[in-house]
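In the UniProt record's numbering, the protein residues as written are 1 to 129.
Yeah, the Cβ is synthetic: ideal placement off N, Cα and C, and Gly gets one too.
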Amino acid sequence: MFAITEDPFKVLEQTPLTIPKGRRLDGAPTAHVITIDILGMKKNEVKIEVEENRVLRVSGERKSDDYYKEGVEGEKWHRAERTFGKFWRQFRMPMSADLEHVKVHLKNGVLRITVPKLAEEKRSRGGNL
């Protein structure tokens, strides 16, 4: 319980927050699945590219809204922990990844990128000796 004179926000400053990194790469039987937390962003604000050496790059920019820039008249906020600015994540995909058939889905602030796995015969490029 806080005394009336104590600042409730000071407790937050002293307690370390355990914030997850917000990304995950899973290997399902038929696909590689990447999930990234991008709360408050729209699908068109995120760019997904395949670069050299089978690198999948996810980038974007979370822009500050007017509330955090100027505040609402008559209101005062004490602490803001939302982050704004540019971001990017890179994932080197295995040879089994079919980078030509990537699917992207955004729901409730979670971006889900599904990269299908190639069929076994498409992966082996060598011939018989």
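The beta-bridge partner set that DSSP reports for serine 59 consists of Lys47, Trp88. Here the alpha carbon of threonine 30 sits roughly 13 Å from the alpha carbon of isoleucine 113. Under the three-state reduction of DSSP, arginine 112 is assigned to strand.
Nearest Cα to glutamate 52 within the set Lys103, Pro94, Thr83: Pro94.
With a cutoff of 8 Å on beta-carbon distance, arginine 54 and glutamine 90 are scored as not near each other.
The beta-carbon distance between isoleucine 48 and valine 104, rounded to whole angstroms, is 6 Å. This is short enough to meet the 8 Å contact definition.
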